[in-house]
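Here is the structure we will look at.
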Amino acid sequence: MPTLVFLEHHEGEIVRNSLGVLAKAASLGGDVAGVLTGSGVAGLAAQAGEHGASRVYVADDPALEAPLPQPRVDVLAALVADKGFDTVLFGQSVLAADLASGLAARLDAGLNWDLTDFEQRDGKLVGKRPALADSVVVDVGWTSEPRLALFRTGSFDPVPTGGTAEVEEVPVQLEDFSIAARMLEQAHEQRSGPSIEDADVIVAGGRGLGKPEGFGMLEELAEALGGAVAATRAVVDAGWYPYLAQVGQTGKTVSPKLYIACGISGAIQHKVGMQGSGTIVAINKDPNAPIFEFCDLGIVGDVTELVPKLTELVRARRG
Ligand SMILES: Cc1cc2nc3c(=O)[nH]c(=O)nc-3n(C[C@H](O)[C@H](O)[C@H](O)COP(=O)(O)OP(=O)(O)OC[C@H]3O[C@@H](n4cnc5c(N)ncnc54)[C@H](O)[C@@H]3O)c2cc1C
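Count the sequence shown with the working numbering and you get residues 807 to 1125, in order.
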């Protein structure tokens, strides 16, 4: 299974999601390579080697500086044709989703979308995809090669292997139609601390906070713990917190070591996005809230009283 993993990068680092997909692919054995595309990105190849890539193809060209999908479709389509990759894997992002679908169209290949896992079974690749509002996980396959797959954010953790990758530069030849789009402006989210995809600790808030200002105390607790703040769809829809922080079926899938759910009922659509967390702590004033059925530690109480006390205790403990 010669496999190629698209290595997305941001601010001088390969994103955690891509490294997670790389680790999973490497764990299945076989020949796993990564592809880096961009301008001045060759230095990132070492990071891919340290996380399981045996070879890294580097397409380094000023024309690839903007994170636009079509030029990358040209690069990946040529690589697949030249090197004979039968599997191409992507971690979910706006760029990766556009690139994967563009590549599927270009190569007339099958793309399985929204996968959370995959395995080799009887010599065949089998993908796992949540269905029916994430209440079941179905097996999905491919009827032709190359097989393309896009994985949900947070499906796999990166695993440092300490390896080194051979680096091979690839020529960049772009179609005229691929350079027709131009990036006019890029805006970056202003935030301090880790993103919810990367954080080891997430403090999440729901309607039980009572008002948008309730997120202030969650931000303080998250800061004390070195974590990030997440939200339910109910509060995102109400405009209390940005969509980027939404966890769940129509938001992000996260798997921190610790998830503290504050004033969250635990609806199935929220649960599917955070059930992979290491330890789940829930604070809810309703002892019958569904979240108490699947949390590891449940506290029946009022978030507005408990969260500031918890923050004080964490700060005191950390000195
Ligand atoms: C197709 C579809 C997709 C969806 N996708 C998502 C998704 O991606 N993510 C998501 O989160 N939801 C999603 N939902 C919505 C989901 O069904 C729930 O409505 C939502 O998760 C509920 O959010 P909540 O827990 O903040 O609010 P509620 O369900 O209203 O729960 C609030 C909780 O706070 C508790 N509470 C109230 N006051 C306090 C207090 N002072 N102290 C402590 N506890 C208190 C209450 O007891 C209650 O349990 C989706 C729904 C549909 C139909």
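A virtual CB, placed ideally from N, CA and C, is assigned to each residue, including glycine.
Here the structure is a predicted model, which means the values were calculated and not measured.
My output table needs one value for VAL879: the three-state DSSP class, helix, strand or coil.
As a position in the sequence shown, residue 879 is number 73, starting the count at 1. Reduced to three states, the DSSP call for VAL879 is helix.
Is there at least one non-hydrogen atom of ligand 1 closer than 7 angstroms to the beta-carbon of ALA1095?
Indexing the sequence shown from 1 puts residue 1095 at position 289. Yes, Cβ of ALA1095 sits closer than 7 angstroms to a heavy atom of ligand 1.
Would you check if there are 3 or more beta carbon pairs closer than 8 angstroms linking the segment 960-974 to the segment 822-832?
Judged by Cβ distances under 8 angstroms, the segment 960-974 makes contact with the segment 822-832, as three or more pairs qualify.
Would you mind giving the Cβ-Cβ distance between PRO875 and ASP904, rounded to the nearest angstrom? I have them listed as a contact below 8 angstroms.
Counted from its first residue, the sequence shown places residue 875 at position 69. Counted from its first residue, the sequence shown places residue 904 at position 98. Right, their Cβ atoms sit about 4 angstroms apart.
Does ligand 1 have a heavy atom nearer than 7 angstroms to the CB of GLN1075?
To locate residue 1075, count along the sequence shown from 1; it is residue 269. Because some heavy atom of ligand 1 lies under 7 angstroms away, the Cβ of GLN1075 counts as near it: yes.
Measuring CB atoms only, is the segment 878-892 touching the segment 846-854, in the sense that at least three cross pairs come out at less than 8 angstroms?
no
Got a sec, what are the start and stop residues for the alpha helix (DSSP H) HIS1090 sits in?
Numbered from its first residue, the sequence shown carries residue 1090 at position 284. The sequence given here has Asn at residue 1090, not His. Element bounds for ASN1090: not the alpha helix (DSSP H) but the beta strand (DSSP E), 1085-1090.
Going by alpha carbons, who is nearest to GLY844 out of HIS857, LEU870, LYS934?
Locating residue 844 in the sequence shown gives position 38, where the first residue counts as 1. The option with the nearest alpha carbon to GLY844 is LEU870.
Run the CB neighbour count on GLU972, radius 10 Å, all protein chains shown included, and call it buried at 16 or more, exposed below.
Residue 972 sits at position 166 when you count from the first residue of the sequence shown. Exposed, since its Cβ has fewer than 16 Cβ neighbours within 10 Å.
For ILE1066, which residues in the same chain have their Cβ closer than 6 angstroms to its Cβ, ignoring the five residues on either side in sequence?
Within the sequence shown, numbered from 1, the residue matching residue 1066 stands at position 260. So the qualifying residues of the chain are VAL1009, VAL1087.
Output the boundary residues of the beta strand (DSSP E) element that contains GLU975.
Residue 975 sits at position 169 when you count from the first residue of the sequence shown. For GLU975, the uninterrupted beta strand (DSSP E) run begins and ends at 972-975, by DSSP.
Would the C-beta of LYS1154 count as close to ligand 1, meaning under 7 angstroms from any of its heavy atoms?
Any property of residue 1154 remains undetermined from this structure, which presents the chain solely from 807 to 1125.
For GLY897 and ARG1123, what's the separation of their Cα atoms in angstroms?
Working through the sequence shown from its first residue, we reach residue 897 at position 91. Working through the sequence shown from its first residue, we reach residue 1123 at position 317. Between GLY897 and ARG1123, the C-alpha separation is close to 37 angstroms.
To the nearest whole angstrom, what separates the beta carbons of LEU913 and ALA955, a pair I think is in contact under 8 angstroms?
Numbered from its first residue, the sequence shown carries residue 913 at position 107. Numbered from its first residue, the sequence shown carries residue 955 at position 149. Contact doesn't hold; Cβ gap of about 14 angstroms is too wide.
Tell me the rounded alpha-carbon separation between GLN992 and VAL821.
Against the sequence shown, residue 992 aligns to sequence position 186. Against the sequence shown, residue 821 aligns to sequence position 15. Cα to Cα, GLN992 sits roughly 18 angstroms from VAL821.
Does any CB atom of chain D fall closer than 8 angstroms to the CB of VAL864?
Among the protein chains of the structure shown there is no chain D, as only one such chain exists.
Label PRO966 either buried or exposed according to how many other C-beta atoms from any shown protein chain fall within 10 Å of its C-beta, with 16 as the threshold for buried.
For this step, residue 966 is matched to residue 160 along the sequence shown. Exposed.
Pick helix, strand or coil for ILE1074, following the three-state DSSP scheme.
Here residue 1074 refers to the residue found at position 268 of the sequence shown. If DSSP states are grouped into helix, strand and coil, ILE1074 belongs with the helices.
Since GLY844 is in the beta strand (DSSP E), which residue starts that stretch and which ends it?
Locating residue 844 in the sequence shown gives position 38, where the first residue counts as 1. Looking at the DSSP string, the run of the beta strand (DSSP E) that includes GLY844 is 838-844.
Pop quiz: ALA865 and LEU842 are said to be a contact at Cβ under 8 angstroms. What is the actual Cβ separation, rounded to whole angstroms?
As a first step, residue 865 is located in the sequence shown; it is residue number 59 there, counting from the start. As a first step, residue 842 is located in the sequence shown; it is residue number 36 there, counting from the start. The pair is a contact, with the Cβ atoms about 7 angstroms apart (cut-off 8 angstroms).
Are VAL978 and VAL881 touching if we call contact CB-CB under 8 angstroms?
By one-based count along the sequence shown, residue 978 stands at place 172. By one-based count along the sequence shown, residue 881 stands at place 75. The answer is yes: Cβ separation under 8 angstroms.
Does the Cβ of ILE1066 lie closer than 7 angstroms to at least one heavy atom of ligand 1?
Taking the first residue of the sequence shown as position 1, residue 1066 is located at position 260. Closer than 7 angstroms to some heavy atom of ligand 1: that does not describe the Cβ of ILE1066.
ALA937 to MET1080, Cα distance in whole Å?
Here residue 937 is taken as the residue at index 131 of the sequence shown, counted from 1. Here residue 1080 is taken as the residue at index 274 of the sequence shown, counted from 1. Approximately 16 angstroms, taken between the alpha carbons.
Does DSSP put ASN1094 in a helix, in a strand, or in coil?
Working through the sequence shown from its first residue, we reach residue 1094 at position 288. DSSP places ASN1094 in coil when its eight states are reduced to three.
When you measure from the CB of ILE1008 to every non-hydrogen atom of ligand 1, does any distance come out below 7 angstroms?
Numbered from 1 along the sequence shown, position 202 holds the residue referred to as residue 1008. No - ligand 1 has no heavy atom lying nearer than 7 angstroms to the Cβ of ILE1008.
Would you tell me roughly how many angstroms separate the C-alpha atoms of VAL976 and TYR863, rounded to the nearest one?
If you number the sequence shown from 1, residue 976 lands on position 170. If you number the sequence shown from 1, residue 863 lands on position 57. Straight-line Cα distance between these residues: approximately 6 angstroms.
Kindly indicate the opening and closing residues of the alpha helix (DSSP H) around PRO873.
Counted from its first residue, the sequence shown places residue 873 at position 67. Careful: PRO873 lies outside any alpha helix (DSSP H) and carries neither H nor E.
When you compare the CB positions of PRO952 and ALA915, do they come within less than 8 angstroms of one another, or not?
Within the sequence shown, numbered from 1, the residue matching residue 952 stands at position 146. Within the sequence shown, numbered from 1, the residue matching residue 915 stands at position 109. Yes; because the gap between Cβ atoms is below 8 angstroms, this pair is in contact.
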